[in-house]
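Taking it in order: structure first as C-alpha cells, then the write-up.
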Amino acid sequence: MERTADVVVVGSGIIGLTTALRLQDKGLRVVVVTADGLLSTTSAVAAAVWYPVGVDVSSRVAEWGAATLAEFARQAEAGIPGVSMRNTRMAMHRQQPPGTPWWGAAVPELRRLTPAERGPAYADGWSFTAPAVEMPLYLPWLLGRVLDNGGDIVHRRLDVLAQARAWAPVVVNATGLGARQLCGDHAVHPIRGQLVLVRNPGLHTSTRIQDDPAGYTYVHPRSTDVVLGGTFDEDDWNTTPDPATAAAILTRCTAHVPDLRGARVLGHAVGLRPARRGGIRLEATAPDRSGTRYVHNYGHGGAGVTLSWGCADAAAELAAAAVGGPSGE
Ligand SMILES: Cc1cc2nc3c(=O)[nH]c(=O)nc-3n(C[C@H](O)[C@H](O)[C@H](O)COP(=O)(O)OP(=O)(O)OC[C@H]3O[C@@H](n4cnc5c(N)ncnc54)[C@H](O)[C@@H]3O)c2cc1C
C-alpha cells in the first residue's frame, strides 16, 4: 500500500479526532483508522460535560483541562454543533476544604453554593459554568472537519498497533480501552457507566451529587433530552444496561430534580470509560526497528471530553516533532 499520509491516527473517538484536527492545523496529512463507527465509540455515549473525574490528578491534567475548557468556550461562542456552556450545580454531603478546588482555576463563575441553594441535606457545593457537549452532534462535526481538510478515514480493526505503519511513518495511538490489547497495556481497564436518557422537560442547569451514598448521581440536560447517571463500576466489562440499575438512577435523579418526575424514558446506554492505572499515557516512544514512531494518547477515564483539546495539542506537538525527526531507518 502506498503511504499518502504523514501521520496515521488510530481511533476516531474524541481523542483521535481532536488530535487529527490539531495535526492538520500544523499542515500535516492525516488518515484516521478506526474499528468502530463514530456513534459506536465510548465517546458517543459520554454525558460529555466538562469535569475531571476518573483520572489521576496532576498539573498536566489541570493544564489540559483548562486548555480544553477555553477551546469549548470559544466553540460555543462560534455556534459549533452540540457545544454549549451550562450552569452547573454540584452538591456534596461532605464539607470541602477551604479555597478553590484543584480543577477550579480555569472555570468561569465558580462560587460556593449558599446553604439555601444546596439545601439542608448537603454540607457544601459549587456553582460554575462549564462546557456541555452533545456527542452525537459533535463527533460527526469533528469528522466532517477532518475530511474537509483533506483527511481520510479507514474502517479496520487492528490486531497490533504496528499494523498502522501501513498508512504512515508516525502513528498516534488514540484507541482508549483498545490500547489494553493493542499494545499489551494491562494498566488500562474499564470503568463502566450506565445512563438513562429522558425527554427534557425544560431543564437548563446541570446537577451533580459527587458523594451520594446511594450512588454516583448526575442530571445533564441537552437540547432535547436529559442524560441521567450513573454508575462508576471499576473493572466491569458488561455493556448491557441493567434494569434495576436504571430504575435506581431514575429514582435518585428524580429525588434531586423533581421536575424530572414523569419525563418520558427515551433510552438506556452503557459505556466503558477507558481508565489507566498510573494516569493518562501521553508520550512519544523511540522508533521501532522499521523506523515507525509512536505517540500514545489514551487512558482518559471519565474525563476524555474534559481533557480532549489540551491532550490533542500536546499529542500533535509530539507527532509533528516525530514527522520532522530522524526516521531511525
Ligand atoms: C457513561 C459515561 C459518561 C461519561 N461522561 C463524561 C463526561 O461527562 N465528561 C468527560 O469528559 N468524559 C466522560 N466520559 C468519558 C469519555 O467518554 C472518555 O474518556 C472518552 O470518550 C475517551 O475517548 P477515546 O477517544 O480515548 O476513546 P473511544 O471513544 O473509546 O475511542 C476509541 C477509538 O479507538 C478505536 N479502536 C480501539 N481499538 C481498536 C483497534 N484494535 N483497531 C482499530 N481501532 C481501534 C475505536 O474503534 C474508537 O474509534 C464518560 C464515559 C461514559 C462511559
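Read in order, the letters of the sequence shown are residues 2 to 330 in this note's numbering. Glycine is no exception: its CB is placed at the ideal position from the N, C-alpha and C atoms. Note that the coordinates shown come from a computational prediction; the quantities given were computed from them, not determined experimentally.
Query	Result
Boundaries (first-last residue) of the alpha helix (DSSP H) holding Pro137	136–149
Helix, strand or coil at Glu330 according to DSSP, with G and I counted as helix	With a pLDDT of 40 at Glu330, under the threshold of 50, the modelled position of this residue cannot be trusted; read the value that follows with caution. Of the three classes helix, strand and coil, the one that applies to Glu330 here is coil, per DSSP.
beta-carbon Leu196 near ligand 1 non-hydrogen atom, thresh 7 Å	yes
Candidates Ala248, Asp37, Val172, Val171, of which the one nearest Leu140 by Cα	Asp37
Residue environment, Gln96, which counts as buried when at least 16 other CB atoms sit within 10 Å	exposed
Proximity below 8 Å, CB of Val161 to CB of Leu267	no
Pair within 8 Å by beta-carbon distance, Val172 and Arg166	yes
Alpha-carbon to alpha-carbon, Ala270 and Tyr219	15 Å
Buried/exposed call for Leu40, threshold 16 Cβ in 10 Å	exposed
For Ile250, the three-state DSSP class (helix, strand or coil)	helix
Contacting residues, own chain, Cβ-Cβ under 7 Å from Arg253 (five flanking each side not counted)	Asp213, Ala215, Gly216, Thr218
Spatial distance of Glu78 from Ala6 (CA atoms)	33 Å
Residue of Gly83, Leu22, Leu114 minimising C-alpha distance to Leu138	Gly83
Closest residue to Leu317 among Ala285, Ala304, Thr307, Gly292 (Cα-Cα distance)	According to the sequence shown, residue 317 is Ala rather than Leu. Closest by alpha carbon: Ala285.
Contact test: His301 Cβ vs ligand 1 heavy atom, cutoff 7 Å	yes
Strand pairing of Gly285, partner residues [DSSP]	The question names Gly, but residue 285 in the sequence shown is Ala. Paired residues: Val296.
Simplified DSSP state of Trp65, which is helix, strand or coil	helix
Heavy atom of ligand 1 within 7 Å of Gly272 beta-carbon	yes
Extent of the continuous alpha helix (DSSP H) to which Val46 belongs	43–46
Sufficient close CB pairs (3 or more, under 8 Å) joining the stretch 88–105 to the stretch 151–160	no
Assigned secondary structure, Gly126 (DSSP; H/G/I helix, E/B strand, else coil)	strand
6 Å Cβ shell around Ile250 - same chain, five flanking residues per side excluded	Val197, Leu229
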